[in-house]
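Trainee:
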Amino acid sequence: MRLLDPVELGPRTAPNRVLFGPLVTNLGRDDAPRTLTARHVAFYRRRAEGGCGTIVLEEAAVHASDWPYERSPLAERCGEGWSAIAGAVRDAGPSLVIAALGHSGGQGSSAYSQRELWAPSRVPEVNSREVPKWMEAADIAAVVDGFRAAATTAAAAGLDGVEVNAGQHSLVRQFLSGLTNHRDDEWGTDRRRFATEVLAATRAGLGPDRVLGLRLSCDELAPWAGITPEQSLELAAALVAQGVDYLVVVRGSIYSVEQTRPDHHQPAGCNVSLCRSVRSAVRAAVGDGVAVILQGSVVDPDQAEWAIGDEVADAVEMARAQLADADLVAKLRAGTPERIRPCLRCNQACQVRDARNPIVSCVVDPSAGHETTDPAWEAPSAAPRDVLVVGAGPAGLEAARVAAARGHQVRVLEATDRLGGAAAVAGPARPFIGWLVAECERLGVTIETNATATASALAALPATTAILLATGSRPGTATVDLDSGATLLDVLAVRAGAAALPAEGPVVLLDPIGGPIAVALAEELGERAVLVTQDHIAGNELSRTGDLAPANVRLQQRGVRIERRTIPRAVRARSGFPPPGETVEVELEDRFSGERRTLLAAAVVDCGYRLPDDGLWEAISAVPGTAVLRAGDGVAPRTVLDAVLDARRAAVAIDALRRRPD
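Quick note on the numbering used here: the sequence shown kicks off at 263 and runs consecutively.
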């Protein structure tokens, strides 16, 4: 497998062609601002233990004027942390360790520094609308010198090299681009000058015996003024000729942040064609001494292997894939690729750079980012026993998997004829459900479908059997007045095929949450869909994953009608002889004016909150002396990440669960 072959990155050799990119982690500490911490050390050591070839660390700002998010590292304070990470990674394996260096420029934030943003020109930041300061000569010199000093610090800390960011959230890219560089001085008439000086200063600080990488946006997706794929060929060749050892090909600009790391709505490997053409141009200009690296939603090792073999790239960045499974490379080397936990490209826990200041993690492996606090979930149990899990959704399957890995004998009862619960019929989690089922089978878990559990049957089990309920959710209480003759369909019943939508006519989707469920169904229905939201914009909560703007573009392209700032009040069956496809009346109220209006529809789907299906819990709790564990939606409405974490905690808690009296 060529993906596992060594690759030369200038003066160093990486043990394989898999990279872990410079993800934002927010793993710093408030009492030691802008430094790297023990949590960073554990996070990167875990990726090295899994066999990653090259680890690029979280980007450090090269100048104090740049403080883009709460716990953003500052290079001048990173020396000790970089040294600790380098030592920990080398203890774990032969991975190369690279420091990412950058400055966010006009795409930063003034919230933490409480000072003006710096940028080439006065182009407002897209989200905050803040107008940055036009950088003066002294400002430019200070940032260039910051790159030199940061590289010197990285070399002294024992890192293998540094990577200069000219991709997303990058002052270097802002100088290169006509979108953001409107200057008429020497920094505008020659837009490459800043990048060239930054690379020269970085190499000078780094020295000749360490790796210099460059992350470059080769398509800003704004052809009216931005860097285009055609322009990037000559641009990339010119920049790597400044002494760059490897080039990471990315895309995106100030106006397309979400395109740097798109979610599952776009094809995996979105930059394949771009990377192939850039690699050809670089090879033609400087030969094969510069490694070109593919970035862009590559989470499947087969696709990564194909990209190497088909000369798309010399190496592949697989950052999100190694959040989902830090042992990706180790499992490939062991010949068990089927055991790699799949990345869903959902961006639900790894999208960190926002005002909520979350810590990096992963939906399918919540221990990512929590290496210093989470226990060894799969450590052998001191007292193996029989375990019965009721419910085969994500929580039930993960609890069964972890319990079996700990040495328990596990049986799972699922009341329906399918596995995976809500996650198997809605959202992008189907590959994860398949992985959970396969892992349970590998570990000897017995799974029974169409098997209903009752309180009396559970109470009759041997006293040593541990019971874990993962019974999922049920439809919530309708928040509208519902006529006796009217029907309000449950979105999960529709997804599971238990309820059918009419073949024609408008379908009203009630979405009080603003999440992906209603938006996804609206996209599929297209012009038939009427999405009712209380918010000013459809899918309001999608801002957390970076899909808010793209989702609204998709809805517009599909012709979806959106009723904004609207509260549904009543659903009524139309009497008499309504036209085909208009059998229901939906009364809506403007959220601000109180004005009411009526829509006619063929069906109404409730995409709102659900409630725990806790009837079995209540029944078994009434049995004296019975101790039962719970996880997932059966406790409270949970995300997939929450369900997985609940399940792991419950599986470990089995050891402490008291035996029921005979």
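Glycine included, C-beta positions come from ideal geometry on N, C-alpha and C.
Only a predicted model underlies this, so the values are computations on that prediction, with no experimental measurement involved.
Looking at G655: is its Cβ nearer than 8 Å to the Cβ of A905?
Mentor: Yes, Cβ-Cβ distance for G655 and A905 is below 8 Å.
Trainee: Candidates G355, R377, V781, T287: which alpha carbon is nearest W329's?
Mentor: Of the listed residues, the one whose Cα sits closest to W329 is R377.
Trainee: From the DSSP secondary-structure annotation, give me the bridge partner or partners of G364.
Mentor: DSSP, once it has assigned bridges, lists A323 as partnering G364.
Trainee: I want to know whether the region 317 to 324 touches the region 602 to 620 - three or more CB-CB distances under 8 Å.
Mentor: Touching, no.
Trainee: Could you tell me the distance, in whole angstroms, from the CA atom of D562 to the CA atom of R647?
Mentor: Between D562 and R647, the C-alpha separation is close to 37 Å.
Trainee: Kindly list the residues whose CB is nearer than 6 Å to the CB of R900, restricted to its own chain and excluding five residues on each side of it in sequence; keep chain order.
Mentor: These residues qualify, in order along the chain: G894.
Trainee: Below 8 Å, how does it come out for the region 492 to 501 and the region 540 to 547: are there three or more Cβ pairs, yes or no?
Mentor: The region 492 to 501 vs the region 540 to 547: in contact.
Trainee: Please list, in chain order, all residues of the same chain as L873 whose beta carbon is under 8 Å from its beta carbon, the five residues on each side excluded.
Mentor: Result list for L873: S735, R736, P737, G738, T739, P899, in chain order.
Trainee: Please work out which residues of its chain come closer than 6 Å, Cβ to Cβ, to Q610, disregarding the five sequence neighbours upstream and downstream, and give them in chain order.
Mentor: Same-chain partners within the cutoff: V625, T807.
Trainee: Starting from P874, follow the beta strand (DSSP E) in both directions and report where the run begins and ends.
Mentor: 872 to 874 is the extent of the beta strand (DSSP E) around P874.
Trainee: Opposite V540 in the DSSP bridges: which residues?
Mentor: V540 is not bridged to any residue.
Trainee: Note down, one range per segment and in chain order, each beta strand (DSSP E) of at least 3 residues found wholly within the region 789 to 844.
Mentor: Qualifying beta strand (DSSP E) stretches, in chain order: 791 to 795, 823 to 825, 828 to 835.
Trainee: With DSSP collapsed to three states, give me the class of V591.
Mentor: In the structure shown, V591 sits in a helix (DSSP, three-state: H, G or I).
Trainee: Can you check which of these residues, Q369, Y374, G343, is closest to I360 by C-alpha distance?
Mentor: Taking only the C-alpha atoms, the option nearest I360 is G343.
Trainee: So, with DSSP's three-state summary, where would you put T415?
Mentor: Note: T415 maps to helix in three-state DSSP.
Trainee: Could you give the residue range of the beta strand (DSSP E) that holds F282?
Mentor: Note, F282: beta strand (DSSP E), 280 to 282.
Trainee: What are the start and end residues of the beta strand (DSSP E) that includes R435?
Mentor: Taken as a continuous stretch (DSSP letters only), R435 belongs to no beta strand (DSSP E), being part of the alpha helix (DSSP H) at 433 to 438.
Trainee: What separation, rounded to the nearest whole angstrom, lies between the Cα atoms of I402 and E311?
Mentor: The alpha-carbon atoms of I402 and E311 are separated by roughly 40 Å.
Trainee: Check whether the region 289 to 301 and the region 334 to 352 touch, using three or more Cβ-Cβ pairs below 8 Å as the test.
Mentor: Yes, since at least three Cβ pairs between the region 289 to 301 and the region 334 to 352 fall closer than 8 Å, the two stretches touch.
Trainee: Here's the rule I'm using: 16 or more other beta-carbon atoms within 10 Å means buried, otherwise exposed. How should D446 be labelled?
Mentor: The residue is exposed, with fewer than 16 neighbouring Cβ atoms inside 10 Å.
Trainee: Given a cut-off of 8 Å, decide if G488 and G440 are closer than it, judged by their beta-carbon atoms.
Mentor: Against a cut-off of 8 Å, the Cβ pair of G488 and G440 comes out as a contact.
Trainee: Whole angstroms is fine: what's the gap from A547's alpha carbon to A553's?
Mentor: Roughly 13 Å separates the two Cα atoms.
Trainee: Our contact map puts A583 next to L590 with C-beta atoms below 8 Å; I'd like the distance itself, whole angstroms only.
Mentor: Contact holds; Cβ gap of about 6 Å.
Trainee: In angstroms with no decimal places, state the Cα-to-Cα distance between A323 and G429.
Mentor: Looking at the two C-alpha atoms, the distance is approximately 14 Å.
Trainee: How close, in whole Å, do the beta carbons of V649 and Q671 come, if the pair is a contact with beta carbons under 8 Å?
Mentor: Indeed, because the Cβ distance is near 7 Å, the residues count as touching under 8 Å.
Trainee: Please list the terminal residues of the continuous beta strand (DSSP E) segment that includes R858.
Mentor: R858 -> beta strand (DSSP E) spans 858 to 863.
Trainee: At a threshold of 7 Å, does E844 count as lining the ligand MG (C-beta to nearest heavy atom)?
Mentor: You won't find the ligand MG in this model; it holds no ligand whatsoever.
Trainee: Give me, in chain order, the residues of the same chain whose beta-carbon lies closer than 7 Å to that of A404; leave out the 5 immediate sequence neighbours on both sides.
Mentor: Excluding residues within five positions, the ones whose Cβ falls inside 7 Å are H325.
Trainee: Looking at V792: is its Cβ nearer than 8 Å to the Cβ of P774?
Mentor: No. Outside cutoff.
Trainee: Pick out whichever of P382, E847, L817, A865 has its Cα sitting closest to the Cα of R859.
Mentor: For R859, the nearest C-alpha among the options comes from E847.
Trainee: Between the C-alpha atoms of S805 and A811, what's the straight-line distance to the nearest angstrom?
Mentor: Their backbone Cα atoms lie some 8 Å apart in a straight line.
Trainee: Can you give me the start and stop residues for the beta strand (DSSP E) that I317 sits inside?
Mentor: Run containing I317: 316 to 318, per the beta strand (DSSP E) assignment.
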